[in-house]
Structure formats: C-alpha cells, structure tokens
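Structure record follows, encoded as structure tokens.
Number of protein chains: 2
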Amino acid sequence: MTIHQLDMQKEKEILDELLDFQKKDLSFKSGHIIGSMCGLPHPIAQKAYQLFLATNLGDPNIFKGTREIEKRFIFFIQNLLNAPPSAGGLIVSGGTEGNITAMWVAKQLSHNQEIIIPASAHFSFQKIATLMDMKLKLIPLTKEFHMDASQVKKKISAGTAAIVGIAGSTDLGTIDQIEELSDICKDEHIFLHIDAAFGGFIIPFLKDAKHPSYPFDFSLEGVSSVSIDAHKMGYSAIPLGTIILREKEWIDEISVRSPCINSDTQAGILGTRSGGPVAAGYAVTRYLGMEGYADIVKHCLKTTKYTVSKIKELGLSLVMDPPLNVIAVRLKNPGKVVAILEKEGWKVNKIDHLSSIRIVCMPSITKEIIDEFMVKLQQACQQAGEL
Amino acid sequence: MTIHQLDMQKEKEILDELLDFQKKDLSFKSGHIIGSMCGLPHPIAQKAYQLFLATNLGDPNIFKGTREIEKRFIFFIQNLLNAPPSAGGLIVSGGTEGNITAMWVAKQLSHNQEIIIPASAHFSFQKIATLMDMKLKLIPLTKEFHMDASQVKKKISAGTAAIVGIAGSTDLGTIDQIEELSDICKDEHIFLHIDAAFGGFIIPFLKDAKHPSYPFDFSLEGVSSVSIDAHKMGYSAIPLGTIILREKEWIDEISVRSPCINSDTQAGILGTRSGGPVAAGYAVTRYLGMEGYADIVKHCLKTTKYTVSKIKELGLSLVMDPPLNVIAVRLKNPGKVVAILEKEGWKVNKIDHLSSIRIVCMPSITKEIIDEFMVKLQQACQQAGEL
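Chains as they are written, first to last, in the working numbering: chain D, 22 to 408; chain Y, 22 to 408.
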C-alpha cells in the first residue's frame, strides 16, 4: 500500500492553493476584523488544538485522558459561573448549540413548547422555533435596551417552557435585568436560561476592572442554565461553547442510549466531536487563570473607552454607552459605510434595526489598531456624507 | 499590554500536562482502535486544518476565500453522489447533524412529524424524536439485515414527513434496498433521506474494486437528501460532514435572517464554525482524487477479506458476510471479550443486540495490525471461554 507515502511536492502544491484562497479572506491576525465577536485565539490554543485534533470526545471511553481534560475545563466554567455542586455541564460547538441544548432540556422538563425571549435574543432562537417546534413570545426592550421584566410576567402561561435572558447581547452587549428574571422564575417555577455566549467571560471580571457589574449567573437562585462561549471572549479557538445546568440530572433528559460506541449513553446534540478545541480551551484557562482573564477584560474595556472617545471626537454618536466592549455607532446609512470600509479591507458589522455599525474590542484589538481604523472610519463617513 | 508576550516556560509546562493526560487515551495512530468508524486523518488534513483554524464560516463574507474552498468541497461531494445541477449542500459537523438537518428540511417541506426508519438507524434518530418532536416509526429488518421495504408502504400515512434509508449501517455496514425505497418515495411524493455517513465514501468505489455494488445516491430519482461524513471514510479530520439536498431551494426552509453577521441569512443548525475542517477535507479530496479514494476502498476491502479469513481460522463465526469493511464477530459474551481486549490496549466495539463485536477496517488499518490483533483476539476469546 502506498497511501501513506506522501508526495511532498503534491502536498506543497495543494497547501499553496489553499493559501491562495486565503488571500481573499480577512484575517483576525490583521486586526481588520473589528466587528466580530470572535477573534484571534491565544497562541497556546492553536498548539493544544493540533495535539488533540485526532481524538473523538463523542466516544469518550477510548479517549479517557482527553475526557479528563474536558471534565476539568467544564469544572473551570462551573466555578467561573458560581454553579452549585449539583450542577453539570456539556461541551457544545458554540452559542447556537448552547441555546438549542438549553431549550431541549427545558422542553423535556416542562413538556411545554413556549419560550419567552427578549427582542434582543440571538437569531438562533428563530432556528429553535422551527427546528424544535417551539413558540417564541417576544418581549420588547426598555429604553435602556433591556428585556422589559414587567412585560415578562404577563406572557407567562401554563404552556411556558422557559424564559431566556441575555448577558451580553449580540447587538449592543447589554445585560438583561437577570436578578428580576431570576425572582420571577423562582416564584413561578420556570426554567431560566441565560445566554452568556458573549458576556460569560467578561461579566465576572467587571468588578476587578472597577466597571459597573451585574449579577447574571448561578449566584441567582432562579437561573437554571447558562451558555458561554470560550471561542468568543474566552480567547480560545472555534468551536468551543459550554452549557452549564443547575442540576446534573437534567442531562439525562437529553441523553439517548448509544449502543455502538463505548459508553452506554450519549448526551447532547452532536455525536462525533474532536477533543482539539477542548484541549485548546483548557490550555488557555490554565495559561491565563482568573487573573489573566481579568487583565484581558481590563484591556478590552480600556480599548473600548479609548475607541468611544475617538468616535466622539470624530463627531459621531453612539446608540448607547457601551455596557461591555461592544460599541454601536449611530449612522444615517450604515450599509454605505460598511461597504466603503470593506473596500478598504476593514470589516465592521451592520446593525440595520439600530441604524448603526458594531465595533467589538476583542482581546487582540489594540489602541494602535483603533488609531489606524479611525482614519479609515473618518474617510468612509465623509465619503458617505455622514460627516 | 503584556497579553501577547508568551511565557514559553509556562506554555511548555501546560502542553506537557496535556500530553500526560493524552497517555491515558488510545490513539488512532497506534492502530489499536479497531472498532471505530473514525480513524487517523490523512497527513495533509492536519496541515490544512491548522492553516485555517482561525477562520469562521459562520460569517462567510469575512472569509471569502475559505468560503470558496467550502463551495468547491461541496461540489466535489455533489459530484461523488451524482447530484443533479439543481442540488445544493451544507457543511455539517457529522452524521448526527446531517440527519437532524435532513429531518428539519423534511419537516418544513411536509409540515408533518412522522419519520419511517429502519431498526438499524443510528441512535441520532432517538435524539431527533425528542429534540424535534418527531415520531419514529421503526421498520424491522429482513434476514439480510435490510429495512424490510414491504413493511415501509404499510407505515406511510398522511402524517409522514420522511423515510430514511441507511447506506452503510452503524452495526454491520449494511446498505438498505434504496432502489425500492426510491420507487416508493417517488410514487408517494415522500422525502427520502439516505444516511450515508459511513458508506458515502465507499459505495461509489465498490465497482472499481470488483465488489458487489448498490445504488444509493441521487442517481435514484426518489432520493431527496444524502448525508456523508468526510471524517469517517473520507480520510479527513473531525468535524466534517456534508448534507446534500436535491433542490438547493430547500435550504431556504432552514434559513433564518442573521442581521448581526455579514450575510443576510444563515442556513442550517450551527452558527460559528471553523473553516479548518473544511480546508482539511478539500485538501484531502484534492490530494487523493477519485483514484485515490478507489485505492483506499480496495485496500480496506482487502484488509477486510484478510481479517475475515483470519477470524474464521480462529474458529469464530460472523453475524454476516461483510457488505463493506465492517465485520461483526458473533460471540457468546461480547462484553467480556471487549473488556479483556481493553486491558491489553485494544478497542473493539460491542454490539449487544447482535451478541457481537465490531471491527472496522479503516484506511489506516493494515494487515500487520490485523496480525497483531489476531493474537490478542485469540487470547481474549480463550480467556473468556469463547474458544
């Protein structure tokens, strides 16, 4: 058999072809992707990922060492989110799977199909509606862009499966009034899921950064589940999210018998999945520790403050004072500005319904990048007639 | 900011810690994982994966080059599966997501909730039942371990959303009589999904290997969708599956508006996902081409034939003549043999309901590995009182 005798010349040609395609990408490394909630992973993440690429955590009894790493990573997340000893967690591919998984648990526990979500909920809930036959009841936002908690109670019915609060919204980085939601859900015995895909790795460190802080996690008794993405502010590599459930027994609700692999049951949505991202995420948490994350959050908030001042200096206005490191710049025609910036090789995100563009100060975004960007933003806004 | 100044000593300690955990894993590289449907990826897969790790195909307009690679990979798969020009495809994380996605499309198109599946269907359909509120109607198997097509017609009702056929079953590698299912579905206008997660990269090459071949793909007019995993017999890295739909418009049925990313809609289940596995899969298909895959299939079938002869020489019997490269060895107490082999560092899979163990001759399994394994298998069977 010759299948393992590598033709090095052929390999080089193919990898060169791939790199040619890559020239058409923007890269996180360049710093020019300035509107995404993903970013460049920490260097140790890439190395750890590679070492564990050829492992399958969908069949954990073959990969007992990698499974131990996974357990330790989940434990780190439980600790970060103040989960009680009764809690359990599952690795997911990201925020969308985290939300689907939480709604699956809530549906199984309640035998209900209605979910109450804020108007600011991530678009993955639109998928949940048709995929899972769930009915979405949308709650309007207050002037402060929070889910209007006074409206929530009115929407609760005998068919309610869950209420969802957001900790770090996609558009603005807002955090819903989760303390109030927790009280409601505790009283009414309703499953409360917190989508902290973006905020989960920031909010626990706000106090350290002397920034206004908000309770959002299992320290609130009414919170049933929290999803959090390590490939967003956790500084790790795609795909790595975690869903933590207040009671580990709830995992049984979404487990099936798995006779053909080396364990009796499999929990969660996906089957085969690499241990690479999990090892990467664990390596990053080990490298940074709580102090490292606190430093990153300080850095991101400092860059945010700097960016806000520069935007105001340009004469542009914001949708709101950023509660986290997400900045929404109000524009008359955001699409036009986005298009001009894209031609210049910069990518910000367009938030049409807020007539704005989104800038996210991720860990790898520096003041130097912002300075470079501001020149481009000013030019683009002048060209588009915004300034 | 010091977050980018790497402490090399600390990095080394953490990577060493990870490698210590890894010692508790079995590895695909060792050849001792001999019952899994995943295996060691082709060397070029690892390299390509690494180059594209920090890309996000969930936001394809930022990564236009990587998106082009994805399109080319999907086109390769469409070609492999004889898909018509009207077809379209989506990358998924593997067979489970492929099946969920297909059932989502079928549910949306039919507004029905019942799916007719063979008793041999993968356990992911059990997830689909509770996740998606689908009702499973199980069809018993014939003596040849095929879905009994004569029973299928009887189960069809006004509530049928889809019929599922298997091309390369999890337990035995069997291929259902998909020609008959296709005729039924064409007549009755029912969505027919083929789960070719395992068989999709083998069955197209059986003729070349002078092995009995079976129609299973879009060359049959009644086939609506096929899911196929490149991380199984496609010799690529986890996670990489593809779902091909006969009509690309059906993708709209599972698309939602995605205002916060740089494209108007997002199709499929997951959101953020790395371009790494896609680039890896494309590199492997470019490296091997159709001829390379044909050679791999010949190799796997040859190893299978060799293994079968050695098993029979030991005095053990098989559940059936392997239709592909999946061998089920009939034993009185498979659990006991699996446990003894595990202690010796070898991993085969237990198929309790067939009172057997499963061996899969993946591309990286060689005659030399089989020779080594046979010694262990004989000893284990003697110790367990099977021989």
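Cβ coordinates follow ideal geometry from the N, Cα and C atoms, glycine included.
Predicted, not measured: the structure shown is a model, and the values here were computed from it.
First and last residue of the alpha helix (DSSP H) that includes residue i?
i, result
"Ala69(Y)", "64-72"
"Gln287(D)", "Taken as a continuous stretch (DSSP letters only), Gln287(D) belongs to no alpha helix (DSSP H), being part of the beta strand (DSSP E) at 286-288."
"Gly186(D)", "Element bounds for Gly186(D): not the alpha helix (DSSP H) but the beta strand (DSSP E), 181-187."
"Ser57(D)", "Note, Ser57(D): premise wrong, no alpha helix (DSSP H); not H, not E."
"Lys176(D)", "170-176"
"Ile149(D)", "145-153"
"Leu61(D)", "Leu61(D) -> no alpha helix (DSSP H), and no H or E assigned at all."
"Ala258(Y)", "Per DSSP, Ala258(Y) belongs to no alpha helix (DSSP H) and is neither H nor E."
"Val358(D)", "355-364"
Looking at the structure shown, is residue i part of a helix, part of a strand, or coil, going by DSSP?
i, result
"Leu408(Y)", "coil"
"Pro236(D)", "coil"
"Pro139(Y)", "strand"
"Ser279(Y)", "coil"
"Arg307(Y)", "helix"
"Gly110(D)", "strand"
"Asn133(Y)", "coil"
"Asn77(D)", "strand"
"Thr324(D)", "helix"
"Asp37(D)", "helix"
"Ile223(Y)", "coil"
"Phe49(Y)", "coil"
"Thr349(Y)", "With the sequence shown as reference, residue 349(Y) is identified as Ala, and Thr is not the correct amino acid for it. The answer is strand: DSSP assigns Ala349(Y) an E or B state."
"Thr23(D)", "Its pLDDT being 45, under 50, Thr23(D) is placed unreliably in this model, and the coordinates cannot settle the point."
"Ile205(Y)", "helix"
"Ile317(Y)", "helix"
"Leu102(D)", "coil"
"Phe166(D)", "coil"
"Leu291(Y)", "coil"
Give the straight-line distance between the Cα atoms of residue i and residue j, rounded to the nearest whole angstrom.
i, j, result
"Thr163(D)", "Gly313(D)", "35 Å"
"Trp367(D)", "Ser377(D)", "16 Å"
"Thr23(Y)", "Phe222(D)", "The pLDDT assigned to Thr23(Y) is 46, lower than 50, so where the model puts this residue is not dependable; a value taken from the coordinates is nonetheless given after this. About 19 Å."
"Ile65(Y)", "Met29(D)", "10 Å"
"Glu95(D)", "Glu270(D)", "According to the sequence as given, residue 95(D) is Ile; it is not Glu. Using only the alpha carbons, I get a separation of about 16 Å."
"Val350(D)", "Ser245(D)", "34 Å"
"Leu398(D)", "Ile249(D)", "31 Å"
"Gly302(D)", "Ala170(Y)", "47 Å"
"Gly336(D)", "Glu389(D)", "20 Å"
"Ala288(Y)", "Ser276(Y)", "4 Å"
"Ser234(D)", "Thr76(D)", "39 Å"
"Phe97(D)", "Ile199(D)", "22 Å"
"Tyr70(D)", "Leu352(D)", "40 Å"
"Ala127(Y)", "Ile136(Y)", "9 Å"
"Thr263(Y)", "Ile391(D)", "39 Å"
"Asp373(Y)", "Thr306(Y)", "36 Å"
"Ile83(D)", "Met58(Y)", "13 Å"
"Ala140(Y)", "Ile348(D)", "53 Å"
"Lys148(D)", "Leu159(D)", "15 Å"
"Asp41(D)", "Ala300(Y)", "12 Å"
"Ile184(D)", "Ile211(D)", "7 Å"
"Glu363(Y)", "Ile112(Y)", "35 Å"
My understanding is that residue i touches residue j, with C-beta atoms under 8 Å, so please give their C-beta distance in whole angstroms.
i, j, result
"Ile35(Y)", "Ala304(D)", "5 Å"
"Phe166(D)", "Thr191(D)", "Actually they are not in contact, since the Cβ atoms of Phe166(D) and Thr191(D) sit about 12 Å apart, beyond 8 Å."
"Gly52(D)", "Ile386(D)", "6 Å"
"Leu202(D)", "Val173(D)", "7 Å"
"Thr412(D)", "Gly115(Y)", "Nothing can be reported for residue 412(D), as the shown portion of chain D is limited to 22 through 408."
"Asn133(Y)", "Gly56(Y)", "No, Asn133(Y) and Gly56(Y) are not in contact; Cβ-Cβ is about 37 Å, not under 8 Å."
"Arg267(D)", "Phe239(D)", "6 Å"
Cβ closer than 7 Å: which chain D residues qualify as neighbours of residue i?
i, result
"Thr181(Y)", "What Thr181(Y) touches in chain D: nothing, since even the nearest Cβ is about 17 Å away."
Which residues of chain Y have a Cβ atom closer than 9 Å to the Cβ of residue i, listed in chain order?
i, result
"Asp373(D)", "Pro280"
What are the boundary residues of the beta strand (DSSP E) that residue i is part of?
i, result
"Asn370(D)", "370-372"
"Lys158(Y)", "156-160"
"Leu266(D)", "262-266"
"Leu410(Y)", "Residue 410(Y) lies beyond the range of chain Y shown here (22 to 408); nothing can be said about it."
"Arg379(D)", "377-381"
"Asp250(D)", "246-250"
Residues of chain D with CB closer than 9 Å to the CB of residue i, please, in chain order.
i, result
"Asp192(Y)", "Pro280, Cys281"
Kindly list, in the order they appear in chain Y, the residues whose Cβ is closer than 8 Å to that of residue i.
i, result
"Asn77(D)", "Ser57, Cys59, Ile259"
"Asn354(D)", "Near Asn354(D) there are no residues of chain Y at all, since even the closest Cβ is about 16 Å away, more than 8 Å."
"Arg294(D)", "Ser114, Gly115, Ile259, Pro260"
List, in order along the chain, the chain D residues whose C-beta lies closer than 8 Å to that of residue i?
i, result
"Trp125(Y)", "Thr151, Leu152"
Say yes only if the C-beta of residue i is nearer than 7 Å to one or more non-hydrogen atoms of the ligand GDP, and no if none qualify.
i, result
"Ala230(Y)", "What this structure holds is no ligand at all, so the ligand GDP is not there to describe."
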